[in-house]
Each structure stands twice: as C-alpha cells, then as structure tokens.
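To start, the structure under review is shown below, and the notes come after it.
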Amino acid sequence: MTSESRESSWDQGKPVAFFRFTRKTRNWFYTSSDRDEVLLGDTYLRASISRTAIRQGSERARLNITITLPSTLPVAENWRPYPSIDPIAVTCFIRHVGEDDALVDWVGRVTAPKFLGATLELTCEPTQTRAKKMGEQRAWQRGCGLELYSQGPGLCNVDRSLHAVAATITAVDRLNVTALEFGLVANRRLAGGYIEWAEPDGLMEYRTIKQHNGSVITLDYGAADLLAGKAITAYPGCAHTWSDCAYFGTRDRYGGDIYMPVQNPYSGDPVW
C-alpha cells in the first residue's frame, strides 16, 4: 500500500506526523514518531509534538491550526524572548507506518506563539488566507505613500547602502541603544528607519527605530543578542514629505501630490 491509500482506508491507517519549520534558509524538522525519521533526505527529530485537526470553512479563524510542542526545542528560540521579524513557515506531512511516500497535509505560517511553562503553542494560519488579503491601495494624498527603500518601477528606489550607518553598540538600556556613530547623524534622522545585524546562525535580524536623540535610538522591541560591542547597521527613516524626499534626492519619484487642494471640493460646501 501507499500512504495515500492508507489515508483513505477505513482501518489501515497508521499516520505519523512530520513538521518542517522554515525561516528563510534555516529549517527545523520534528516528528511525532517514537524515533528519528528520514523524510525526503531530511532527518526529523522525535518530539512530543502534535497539532489540532484541519478544518474547512469560509470563516478564516476556523482554518487555523494549533501546534503544541515542548518549549525547550531549538525552534522555540525564534520566539524567546522576542519573536523574530521574519515569518516562520510551517509544512505538515503525513506518512503512514511501513510506507515510503508522504503526503503534504497542511502549509501555512506561525502567527501567534504562546509559552505555557514547558509547552509552546503555535497558532498557524494556512497560506490561502494570506492570498485572499487585499494589498495596499494607492491613494491621492499630499504625503508620499511609497515605502522607503522599496525597489522597482514606480517605487521609491532609494539605494539604502548610500545611507547606511555602521555602528558598534556601547550600551543597551531596555529599548534604548547607544552608539557613538548615531551622534554623527542629524538628530531624529534615524527615526522611522531601522537597524539590522547578523545573528550567530547567519540570518539577518531587524528592528524599527522609533526615536533618535543624539547617540541614542529607541527601538520598537528588543532582542536577546543586542548587547554592548555588537556591530549593527542603521538606516535613516523618512517622514514621507516633499522636504524629506529632498534629503534622499528622489523628488522625481515622490509618491504624493504637493499641489493637492487642502479643502475637499466634494464636501458639499457651495463656496470652494
């Protein structure tokens, strides 16, 4: 028999669950089997891991599944103590005992981690719910609606490497990060931008800069490896105004309309 035929049989099914977590180029593999298993050339480590039943319906929340696993597994480090800014994709496989083939049972991403002592619960949404979400709609407005550093036709196209500020952290106080190099940039210039740094596994991590005052910046949330002596790179933010666009030298690509009337001609006021 095959896993597919066992899956549709009444009494021949002996399913074993396989879970693959993916963050950019890194993967974590776990199985509900009582031993390590090899699937598609990857070794899945045995773990006390399970998921809720897969349901169908038109209500988006009903399509979610919850994966329960020990909070001590290495994959849990992606959410402890702060969640990664990168999405964590999940692929669930089913393979029946005694068979070599496997079935892709569910594909999605983690949306909400919840630590419960020794247990971690991951709420995950399927990929099809993201496909149904509407994208950002352009609007007629005075301010620029383009994302800073976005690349492509009709986008901002600022080269971020020309504005990068390489820095070394000298102190960290909660969400406040100090580096001498920040003081060399005009005050508040970095606000609305972000910092990036390389993690030990080679992946890049990011944090948004909420405030910039001299040599101190305030982040939106912290990270365990943001410590004194850490090398980071900061990128300025943009107020999405005509004057700020001049700082980056991209007024020819300004995404707003500075001549847009302040008063709405369709407001019903007879005097316009």
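Those letters in the sequence shown? Residues 126 to 397, per my numbering, in order.
From the three backbone atoms N, C-alpha and C, an ideal C-beta is built for every residue, glycine too.
- For K355, the CB contacts under 8 Å within the same chain, skipping 5 residues up- and downstream, are T293, I294 and W322 in chain order.
- Taken through DSSP and simplified to helix, strand or coil, A237 comes out as strand.
- Contact annotation: I383 and A359 have beta-carbon atoms that are not nearer than 8 Å.
- Residue state for A323 is assigned as strand, using DSSP reduced to three classes.
- Sorting L164, E306 and S158 by C-alpha distance to the C-alpha of A291 places E306 at the top.
- According to the DSSP assignment, F154 belongs to no alpha helix (DSSP H) but to the beta strand (DSSP E) extending over R151 to T156.
- The residues I210, Y319 and E321, in chain order, have a CB closer than 6 Å to that of Y331 in the same chain once the five nearest residues on each side in sequence are set aside.
- Its Cα nearest to that of P199, the residue Y155 stands out among T177, R176, Y155 and W231.
- Sequence-distant partners of T147 (beyond 5 residues in either direction) whose C-beta falls short of 6 Å from its own C-beta, in its chain, are A214.
- If you check the CB distance, V222 and K139 come in under 8 Å.
- Annotation for T375: V283 place their beta carbon closer than 6 Å to its own, counting only its chain and skipping 5 residues before and after.
- The beta carbon of R151 sits closer than 8 Å to the beta carbons of D326 and L328 from its chain, once the five residues preceding and following it are set aside; these are given in chain order.
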